[in-house]
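What follows is a set of notes on a single structure, which appears directly below.
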Amino acid sequence: MEKVYILENLCCANCAAKIEAKLNDLPEVEKAVIVFPTRQLRLTAKNPDSLLPKMEQLARSVEPDVTIRSDKAAPQKEEKTYDLPEILIGAGFFLAGLVTGKLLPQLPIALILYVAGWLVLGRKVLMAAVTNLFRGHVLDENFLMSLATIGAFFIGEYPEAVGVMLFYRVGEYLEHRAVARSRSRIMEAVDLRPETVHLASGKDVPAESVRPGTLVVVRPGDRIPLDGRVVAGRSRIDTSPITGEPVPVSVGPGDAVTSGCVNTGSLLTVRTEKALSESMVTRILNTVENAAAGKPKIDRFITRFARIYTPVVVAVAVTVAVVPPLFLGNWHYWVYTALSFLVMSCPCALVLSIPLSFFCGIGAGGKQGILFKDGLTMEALAEIKAVALDKTGTITKGDFSVTRVSGSEEMLFLCACAECRSSHPVAVSITQYAKQQGIRSTDPEKLEELPGHGVRAWVKGQEILCGNEKLMQRFGITVPEQSGEKGTRVLVSVDGSYVGFVEISDAVKEGAVEAVSRLRHSGVAVAMITGDGEAAARNVASQVGIDRVYAGQLPEQKLQTLQSLRTEHNSVMFVGDGINDAPVLAGADVGGAMGTGTDAAIEAADVVFLTSDVEAIPEAVEIARQTKRISRQNVVLALGIKGVVMLLGLLGYASLWAAVFADSGVALLCVANAVRLLYKKRKNACEPNSPQL
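Numbering-wise (this note's numbering), the sequence shown opens with residue 31 and increments by one.
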């Protein structure tokens with residue numbers, strides 16, 4: 031079983047990677063994943079709670095103050111730290127030492143002040159270094175920083191010894207604050223769950239106690255607490271917390287409303303349709319947290335690289351300190367250079383920046399109702415070269431209406447009887463139309479659903495077939511040549527003879543044209559794969575600007591078509607919403623499902639578009655690409671600056687100050703670069719400029 035724990039007082043990304051490795055070495059553990067940005071430990075084991083004492087012991091062997099608690103348990107009050115006062119006091123001693131050294135250079139007062147400042151600033155670092163040294167962690171960053179600054183004292187670089195420790199502590203403090211704020215910002219943005227709900231009866235009750243079917247009141251300025259449908263009142267709601275779309279939407283009786291959106295107008299009465307645990311606000315929060323645990327390839331590579339990086343840099347530092355002076359002399363210069371290497375040997379900037387980049391990307395998507403399954407999904411989506419879209423429910427609204435009936439009233443009656451048990455939008459539209467015409471359908475005596483074809487039913491002893499041309503061909507029924515087709519036609523036969531058809535039309539979603547345009551502009555080719563007829567599919571495709579259409583596709587044929595597209599474009603995304611789309615969603619490089627789709631489709635998908643907005647598809651591609659760009663930028667930034675400073679150090683142009691910047695300063699820059707994703711806003715539609723399929 032899998033259980034989630036919180037690692038309190040976990041402050042170091044590199045330490046988190048070490049703890050994760052140690053936990054995975056336990057024979058009782060099937061899988062352990064630590065998500066540093068959320069401080070979550072996701073543990074898979076037969077009895078996770080029984081391992082708590084052993085896990086905590088292992089964690090504390092790496093980072094002494096870490097405690098592990100259940101994700102559902104109340105958070106402990108974290109031990110108060112004195113980082114800022116220590117930094118200020120240490121800085122005071124440092125400045126006093128600089129002034130005294132200038133005014134009274136002949137007296138040892140400056141040295142005393144420097145030592146005092148170093149002890150104040152390095153108290154925690156020294157204690158951690160000694161503790162970890164006894165535990166066998168020789169290459170711990172605290173030990174290396176202590177060694178570097180002590181070495182600076184021994185070669186007479188007193189101001190730099192204290193200044194480097196000061197700069198290190200300031201950088202570490204700012205880095206922790208930045209990570210904490212970015213974590214808080216993401217979780218606050220996606221955690222829109224209400225604590226209480228105002229019932230129509232006037233009572234305020236806990237949100238988790240409200241069941242579907244309850245009438246709740248949403249006052250002006252309040253968030254809609256649970257997914258539901260308006261029963262009274264008219265207003266405008268701000269959907270930007272869920273969709274990122276700033277334009278308010280008008281709602282009235284009968285309209286569906288989503289939890290997390292804000293009522294900006296007048297009072298609304300809403301009948302809840304989902305409990306808090308199933309409402310959109312909870313789904314977004316859970317998905318963002320779960321997705322962060324799926325580490326992308328670049329993250330796993332950097333974790334492995336970090337295990338090699340530190341020993342290699344330390345070995346280079348020892349070599350620089352010993353070998354060149356033996357031949358060239360000038361021990362002071364080479365030891366000083368080696369000390370700067372020790373300062374840069376911590377890989378925290380690398381280990382921290384990659385997971386934080388993907389966490390911010392996942393959070394940015396969650397704010398817009400785009401749920402990524404994990405970091406691997408974002409990596410794959412960033413490489414997508416083609417997108418194949420289903421028609422009904424993806425490009426179109428799935429809100430069918432009968433536009434034409436070719437046949438007798440008896441034919442319509444029999445068709446409605448055959449379709450009356452189905453929940454498919456086409457079937458629902460036929461039965462509703464028959465009812466509007468005063469025709470009351472009855473349940474068939476026997477019903478057989480034929481996926482991808484239609485239905486076979488027996489009504490009043492007659493065999494009724496309702497479906498597409500393939501259904502008619504399957505049963506050897508001759509159908510007259512069809513012409514003037516503008517929508518989906520349901521062909522009807524009675525006892526083996528064709529008797530007519532019902533034509534249904536489906537409106538194209540707002541934003542579908544802009545979505546296709548944006549995809550093509552970004553270099554992504556677009557196709558349509560649908561089970562609908564050729565004429566209806568091409569009619570919709572021409573409206574939205576899709577040139578390549580695969581119509582009349584059965585579920586297994588959709589998968590074959592997708593494979594042929596992959597041969598052309600290497601990496602293909604499929605977006606659908608029906609139960610018949612589940613196989614092709616699972617088989618695609620990236621599967622996307624509309625939030626209004628079936629549970630099977632949502633379960634099989636890698637990305638879920640909760641609002642079923644077509645424009646969310648190009649938005650997801652852009653978020654994934656930007657996330658991957660930023661993660662790569664951070665790798666180049668961290669390794670590039672460290673490499674340049676090392677080279678300058680060898681040439682005598684880089685001091686210990688520059689080395690600390692290459693460590694803590696670069697980590698801070700990487701955090702700031704990753705957090706840019708949280709400020710991403712939707713782009714406007716652009717003109718197509720891309721390869722055609």
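Think of the CB as a built atom: it goes at the ideal place given N, C-alpha and C, for glycine as much as any other residue.
Chain D contact for residue i (CB, 8 angstroms cutoff)
i: residue 706; result: Of the protein chains in the structure, only one exists, and it is not chain D.
Extent of the continuous beta strand (DSSP E) run through residue i
i: residue 454; result: Counting along the chain, residue 454 falls outside any beta strand (DSSP E), and DSSP gives it neither H nor E.
i: residue 473; result: Careful: residue 473 lies outside any beta strand (DSSP E) and carries neither H nor E.
i: residue 416; result: 416 to 419
i: residue 560; result: Per DSSP, residue 560 belongs to no beta strand (DSSP E) and is neither H nor E.
i: residue 38; result: 32 to 38
i: residue 236; result: 234 to 236
i: residue 302; result: 298 to 302
i: residue 579; result: 578 to 580
From the options, residue whose alpha carbon lies closest to that of residue i
i: residue 411; options: 422, 92, 618 and 124; result: 618
i: residue 527; options: 492, 612, 519 and 241; result: 492
i: residue 304; options: 255, 279, 296 and 314; result: 255
i: residue 634; options: 246, 403, 344 and 182; result: 403
i: residue 245; options: 200, 297, 209 and 202; result: 297
i: residue 413; options: 620, 516 and 517; result: 620
i: residue 71; options: 58, 80 and 85; result: 85
i: residue 32; options: 131, 57 and 79; result: 79
i: residue 225; options: 214, 240, 232 and 326; result: 240
i: residue 584; options: 243, 382 and 481; result: 481
CB-CB length for residue i against residue j, believed under 8 angstroms
i: residue 433; j: residue 533; result: 5 angstroms
i: residue 641; j: residue 399; result: 4 angstroms
i: residue 150; j: residue 116; result: 6 angstroms
i: residue 267; j: residue 278; result: 6 angstroms
i: residue 114; j: residue 198; result: Between residue 198 and residue 114 the Cβ distance is about 15 angstroms, and since that is not below 8 angstroms, they are no contact.
i: residue 293; j: residue 252; result: 6 angstroms
i: residue 281; j: residue 425; result: The pair is not a contact, with the Cβ atoms about 24 angstroms apart (cut-off 8 angstroms).
i: residue 543; j: residue 522; result: Actually they are not in contact, since the Cβ atoms of residue 543 and residue 522 sit about 34 angstroms apart, beyond 8 angstroms.
Alpha-carbon to alpha-carbon, residue j and residue i
i: residue 211; j: residue 66; result: 13 angstroms
i: residue 238; j: residue 261; result: 21 angstroms
i: residue 639; j: residue 646; result: 7 angstroms
i: residue 445; j: residue 467; result: 13 angstroms
i: residue 257; j: residue 306; result: 8 angstroms
i: residue 291; j: residue 308; result: 16 angstroms
i: residue 685; j: residue 137; result: 26 angstroms
i: residue 46; j: residue 582; result: 52 angstroms
i: residue 110; j: residue 289; result: Confidence in residue 110 is poor, its pLDDT being 43 and thus under 50, which makes the residue's placement too unreliable to answer from.
i: residue 554; j: residue 601; result: 10 angstroms
i: residue 439; j: residue 499; result: 22 angstroms
i: residue 43; j: residue 295; result: 45 angstroms
i: residue 247; j: residue 658; result: 43 angstroms
i: residue 608; j: residue 590; result: 17 angstroms
i: residue 155; j: residue 401; result: 40 angstroms
i: residue 299; j: residue 270; result: 21 angstroms
i: residue 502; j: residue 510; result: 11 angstroms
i: residue 107; j: residue 96; result: Per-residue confidence for residue 107 stands at a pLDDT of 47, beneath the threshold of 50, marking its modelled position as unreliable; the derived number appears in the next sentence. Computed Cα separation, rounded: 13 angstroms.
i: residue 104; j: residue 41; result: The predicted position of residue 104 is uncertain, since its pLDDT is 48 and thus under 50; a value taken from the coordinates is nonetheless stated next. Taking the straight line from one Cα to the other gives about 20 angstroms.
i: residue 173; j: residue 179; result: 10 angstroms
i: residue 630; j: residue 314; result: 18 angstroms
i: residue 708; j: residue 394; result: 5 angstroms
i: residue 48; j: residue 348; result: 24 angstroms
i: residue 530; j: residue 580; result: 25 angstroms
i: residue 124; j: residue 311; result: 50 angstroms
i: residue 55; j: residue 88; result: 11 angstroms
i: residue 99; j: residue 430; result: 51 angstroms
i: residue 457; j: residue 520; result: 9 angstroms
i: residue 250; j: residue 259; result: 17 angstroms
i: residue 328; j: residue 384; result: 8 angstroms
i: residue 624; j: residue 286; result: 16 angstroms
i: residue 592; j: residue 606; result: 13 angstroms
Continuous alpha helix (DSSP H) stretch holding residue i: start and end
i: residue 223; result: Counting along the chain, residue 223 falls outside any alpha helix (DSSP H), and DSSP gives it neither H nor E.
i: residue 85; result: 82 to 92
i: residue 363; result: 361 to 373
i: residue 591; result: 585 to 599
i: residue 409; result: 405 to 412
i: residue 681; result: 646 to 681
i: residue 281; result: Per DSSP, residue 281 belongs to no alpha helix (DSSP H); it is in the beta strand (DSSP E), 279 to 281.
i: residue 70; result: Careful: residue 70 lies outside any alpha helix (DSSP H), inside the beta strand (DSSP E) at 70 to 75.
task: Indicate whether the contact test is met: 3 or more Cβ pairs, each with one atom in the stretch 549 to 568 and one in the stretch 660 to 672, closer than 8 angstroms.
output: no
- request: Indicate whether the contact test is met: 3 or more Cβ pairs, each with one atom in the stretch 75 to 91 and one in the stretch 53 to 66, closer than 8 angstroms.
  value: yes
task: Report yes or no: do the stretch 365 to 381 and the stretch 695 to 707 share at least 3 C-beta pairs separated by less than 8 angstroms?
output: yes
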